[in-house]
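> In the numbering used here, the protein residues as written are 1 to 319. A virtual CB, placed ideally from N, CA and C, is assigned to each residue, including glycine.
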Amino acid sequence: MDDARTTRLAPTPSGALHVGNARTFLVNWAMARNEGWRIVMRLEDLDSGRMRPGAHEASLEDLRWLGIDWDGEPVVQSRDLAPYRAALDRLAQAGLVFRCDRSRAEIRTAASAPHAEDGETRYPPELRPPEPWPRTISAWEANHRLRMDPATAPEARERVHDGFLGDHTFDPGLESGDLVVWTRLGVPAYQLAVVVDDARHGVTDVVRGDDLLASAARQQVIARALGVAHARWWHVPLVYGDDGKRLAKRHGAHSLAQIRTDGIAPERVIGWCAWSLGLVDRPCALDAQEFRAAATLSALRAAMTRVSTQRTVFAPQML
Ligand code: GLU
1 MDDARTTRLA PTPSGALHVG NARTFLVNWA MARNEGWRIV MRLEDLDSGR
51 MRPGAHEASL EDLRWLGIDW DGEPVVQSRD LAPYRAALDR LAQAGLVFRC
101 DRSRAEIRTA ASAPHAEDGE TRYPPELRPP EPWPRTISAW EANHRLRMDP
151 ATAPEARERV HDGFLGDHTF DPGLESGDLV VWTRLGVPAY QLAVVVDDAR
201 HGVTDVVRGD DLLASAARQQ VIARALGVAH ARWWHVPLVY GDDGKRLAKR
251 HGAHSLAQIR TDGIAPERVI GWCAWSLGLV DRPCALDAQE FRAAATLSAL
301 RAAMTRVSTQ RTVFAPQML
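#1: What did DSSP end up calling L238 once you bin it into helix, strand or coil?
#2: Exposed or buried, what is M318 when buried is set at 16 or more other beta-carbons lying within 10 Å of its beta-carbon?
#3: Look up L81 in the DSSP assignment and say whether it is helix, strand or coil.
#4: Can you pull every residue whose C-beta falls closer than 5 Å to some heavy atom of the ligand GLU, listed in chain order?
#5: Taking the CB atoms as reference points, tell me whether R33 and A10 lie closer together than 9 Å.
#6: Alpha carbon to alpha carbon, what distance is there between R282 and D372?
#7: Cutting at 8 Å between CB atoms, please list the residues of its own chain near A153, excluding the five before and the five after it.
#8: Give the DSSP-derived three-state secondary structure of H161 in the structure shown.
#9: Helix, strand or coil: how does DSSP classify A116 here?
#10: Short of 7 Å in beta carbon distance, which residues of its chain neighbour D242, apart from the five on each side in sequence? Order them along the chain.
#11: Counting C-beta neighbours from all protein chains within 10 Å, is the total for R208 16 or more, i.e. buried, or is it exposed?
#12: How would you label G227, buried or exposed, when you count the other beta carbons within 10 angstroms and need 16 or more for buried?
#13: Taking buried to mean at least 16 other C-beta atoms within 10 Å of its own C-beta, is R104 buried or exposed?
#14: Does L279 come out as helix, strand or coil in the three-state DSSP assignment?
#15: Skipping 5 residues on each side, what residues in its chain have a beta carbon closer than 7 Å to that of A30?
#16: Mind listing, in chain order, the continuous beta strand (DSSP E) runs of no fewer than 3 residues lying wholly within the stretch 201 to 256?
#17: By DSSP, does W182 sit in helix, in strand, or in coil?
#18: Assess contact between the stretch 230 to 237 and the stretch 257 to 268, defined as three or more Cβ pairs (one per stretch) separated by less than 8 Å. Is contact present?
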């Protein structure tokens, strides 16, 4: 194993994994095993309000069913908040975060047009409290925001170089404005948690769905503010349902749990994933090792170029 390279599988156990997740995880796993990267399993459960009992084990079981494995014990984010608190402390000491008690409605009124795609509300610099900001965190159950300005993002436009999708630039200052890095639930926001965990686990290569491409820019800003390196990015285009929407929890029939209950073999799912990426000529049954053999880096690069322009659609009858 090339200990110099590490990746992670980071399922969110709040929702059942679906065929789109399976495709991304298979790609991530195959790259790691082909290239000799270490694989950290990380259960992203900080959004604990939505966690069902047994959800952690269910996610792991779905992945094992596919033939995916990892190295070492799974890391469960909610079990130890100390590393995230230390990171927030560091940002506060550097004068980069402030406590924010404003409601979304208040911010919306003050902000310019919300981010077109997802209706995200930008937090404008005018709403910041006057400086200097406290250098220590006095209340952990409060939203905290990271300033998005030349202090954290000197270039304004943040360039994300992606191993599959090429170069993309984002302007987090305009898109999100000051970014929530800590929530009133007393836990880190997703963006901070990912940066802290990727850094402490020595993650060098992040492979995940391309809905997180814009997040990569934000995570680069946070990593810079914390003085840690960010990983290489490999974003994999998502799979869509035949209703034209990207696969999500509402596509119950597309979940791996349902597919298993229906008695469909994992090889059919894996074969569909390989076919949808053009790694094999027609849908067939493949096990994880056969998928891995077909998923060379050059084959994956060609696949991602294609599927980023031609949407992949999945419907359960395709299995
Ligand atoms: N847990 C996230 C998800 O399931 C992935 C986060 C990441 O890979 O950075 O979508």
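Taking the geometry as given:
#1: coil
#2: exposed
#3: coil
#4: A10, T12, E44, V194, R208
#5: no
#6: This structure does not reach residue 372, given that the chain is present from 1 up to 319, and the question cannot be answered.
#7: P172, G173, V221, R224
#8: strand
#9: Confidence in A116 is poor, its pLDDT being 46 and thus under 50, which makes the residue's placement unreliable; the coordinate value appears in the next sentence. Three-state DSSP puts A116 in coil, outside helix and strand.
#10: V313, A315
#11: buried
#12: exposed
#13: exposed
#14: coil
#15: F291, R292, A295
#16: 205 to 209, 232 to 236, 239 to 241
#17: strand
#18: no
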